[in-house]
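In the numbering used here, the protein residues as written are -13 to 313.
Even glycine gets a Cβ: it sits at the ideal position worked out from N, Cα and C.
Report on the following structure.
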Amino acid sequence: MRKILFSVMTFVLSIVLLAGCNSGPAGTETSGKEEAKGDNEEIKVAMILKTLSNPFWTTMEEGIKEEAEALGVKVEILAAQSEEDSQGQLRMFEDLLNKDYDGIGFAPLSPVNLIPQVVNAHKKGIPTVNIDERVDMEELNSAGGNVNAFVTTDNEKVGEQAGKFIVETIQGGQVAIVEGKAGNASGEARKNGAKSVFDATEGIELVASQPADWDRNKALDVVTNMIQRYPDLKAIYAANDTMALGAQQAVVNAGKKDQIIVVGTDGAPEAIDSVKAGELTATIAQDSAEIGKESLRLLVKAIKEGKIISVDEEAEFVTVPSYIVNE
């Protein structure tokens, strides 16, 4: 009887010890808000985009929906009312944290506007993926947050592609840049990429570089003034296609379609149609659908692994290639 009792107690003790060995330390940053999920149908994510009034973002929305269907996950896609609605986008993120989402992807309107809620997501153990516009990582890390991944186009290379295409096409002369919104990281990178090519090319003179806030009508006004001030202008690079179309209209209005070429950025359907019609000279196409798809893939991967990276770890950085459309 004693032998039987001793055997039972030994068995129970071994089970308790085994269970203790399998449990990790509490509060580690490598564990998500719940155990890793194996069934995609259980996964529910939210994706916050900048706006849905721009073809770049509506194309990304379509890509995300396609990938969600392919992966078998549930996704809710939201966007700010406008690209000026930084506080509204922040409140949107805050609201999502009070709902039962397994992960959140976000494209911030500025490098800093979403940092408070990205930090809160990190503290709650919710995986996040940063899309397109890079959050200020130094400030985010200092505030105690991080993201699992960052997916974008290399915007400086986009600007370089545009600059190289322009200098090869015009073979010397005056050029101008229509910038995006002042302080916007993507727009600044595109401007700097193009400017570096112009500055390094003999015979090319960069005579003007002005913001038009990603707006078609503002670009029309900005370029109208540029043409009046610089009548020998030969090329304009616009940091997105919406502004490029406004710039092209200004060129047509001035009767200088045969003198001035206009190159845009994004590969928006209207811009591609304009290139095919012989109006815009070219657009540097970004595959926004693929950016959205890859962002969702990485978010689902992080959720399934159940991992939140620490503040000291480097977020995964993925770039989606861009290409020139000129015919």
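- Which residues does DSSP pair with Asp252 in a beta bridge? Ala271.
- Message: Determine whether the beta carbon atoms of Leu82 and Ala32 lie at a separation below 9 angstroms.
- Response: Taking 9 angstroms as the cut-off, the Cβ atoms of Leu82 and Ala32 count as close.
- With DSSP as the reference, please indicate the residues paired to Phe184 in a beta bridge. According to DSSP, Phe184 bridges with nothing at all.
- Start-to-end residues for the beta strand (DSSP E) that takes in Lys143: Here Lys143 belongs to no beta strand (DSSP E); instead the alpha helix (DSSP H) covers Asn141 to Ile156.
- Should Cys7 go down as buried or exposed, given a rule of 16 or more other Cβ atoms within 10 Å for buried? Any reading at Cys7 needs caution, since the residue's pLDDT is 42, under 50, leaving its predicted position unreliable; the model's value is listed next. So Cys7 ends up on the exposed side.
- Item | Residue from Ile63, Thr45, Leu95 and Thr267 whose Cα sits closest to the Cα of Lys36 | Lys36 has its Cα closest to that of Leu95, out of Ile63, Thr45, Leu95 and Thr267.
- Message: My output table needs one value for Val105: the three-state DSSP class, helix, strand or coil.
- Response: In the structure shown, Val105 adopts helical secondary structure according to DSSP, grouped into three states.
- Message: So, does the stretch 123 to 139 touch the stretch 99 to 112, judging by three or more C-beta pairs under 8 angstroms?
- Response: Because the criterion of three Cβ pairs below 8 angstroms is met, the stretch 123 to 139 and the stretch 99 to 112 touch.
- Message: In the DSSP output, which residue or residues are listed as bridge partners for Lys30?
- Response: Paired residue(s): Lys60.
- Should Ala233 and Thr269 be called a contact, given that it needs their Cβ atoms to be closer than 9 angstroms? When the beta-carbon positions are compared, Ala233 and Thr269 stay at least 9 angstroms from each other.
- Item | Residue of Gly145, Gly74 and Gly264 minimising C-alpha distance to Val238 | Closest by alpha carbon: Gly264.
- Could you name the residues of the same chain whose beta carbon sits closer than 6 angstroms to that of Asn26, not counting the 5 residues immediately before and after it, in chain order? Contacts found: Leu57, Gly58 and Val59.
- Message: For a test of the three-state rule: what should DSSP assign to Leu83, helix, strand or coil?
- Response: In this structure, Leu83 counts as helix in the three-state DSSP scheme.
- Could you give the DSSP three-state label for Gly111: helix, strand or coil? DSSP, read as helix, strand or coil, puts Gly111 in coil.
- Query: Which residue's Cα is closest to the Cα of Gly158: Ser195, Glu146 and Glu188?
  - Reply: Restricting attention to Ser195, Glu146 and Glu188, the CA atom closest to the CA of Gly158 is found in Glu188.
- Please determine if the stretch 110 to 126 and the stretch 171 to 178 are in contact, where contact requires at least 3 C-beta pairs separated by less than 8 angstroms. Contact between the stretch 110 to 126 and the stretch 171 to 178 is present, because at least three Cβ pairs lie under 8 angstroms.
- Item | DSSP state of Ser96 mapped onto helix, strand, coil | Note: Ser96 maps to coil in three-state DSSP.
- Query: Beta carbon of Ser308, beta carbon of Asp259: below 9 angstroms?
  - Reply: Cβ distance not < 9 angstroms, so Ser308 and Asp259 don't count as in contact.
- Task: Determine the DSSP secondary structure at Ala65, reduced to helix, strand or coil.
- Result: If DSSP states are grouped into helix, strand and coil, Ala65 belongs with the strands.
- Message: Given a cut-off of 9 angstroms on the beta-carbon distance, is the pair Phe136 and Glu302 in contact?
- Response: Closer than 9 angstroms, so yes.
- Identify, in the order they occur along the chain, each residue of the same chain with its Cβ nearer than 7 angstroms to the Cβ of Gln147, setting aside the five sequence neighbours on each side. Here the set comprises Ile270, Ser308 and Ile310.
- Which one of Trp200, Leu206, Asn203 and Ile213 has the shortest CA to CA distance from Ala194? Of the residues Trp200, Leu206, Asn203 and Ile213, the one whose Cα lies closest to the Cα of Ala194 is Ile213.
- Message: Taking only three categories from DSSP, how would you classify Leu35?
- Response: If DSSP states are grouped into helix, strand and coil, Leu35 belongs with the strands.
- Task: Measure the alpha-carbon distance for Ala240 versus Trp200 and round it to whole angstroms.
- Result: Rounded to whole angstroms, the gap between the alpha carbons of Ala240 and Trp200 is 22 angstroms.
- Query: Taking DSSP as the reference, what is the three-state secondary structure of Asn178?
  - Reply: Residue state, collapsed to three classes: helix.
- Message: Checking 9 angstroms against the spacing of the C-beta atoms, do Ile63 and Gly89 come in under that value?
- Response: Contact flag unset, no.
- CB of Ile34 to nearest heavy atom of the ligand GTP: below 8 angstroms? As for the ligand GTP, it is missing from this structure, which has no ligand bound.
- Alpha carbon to alpha carbon, what distance is there between Ala254 and Lys85? If you take the alpha carbons of Lys85 and Ala254, they lie about 34 angstroms apart.
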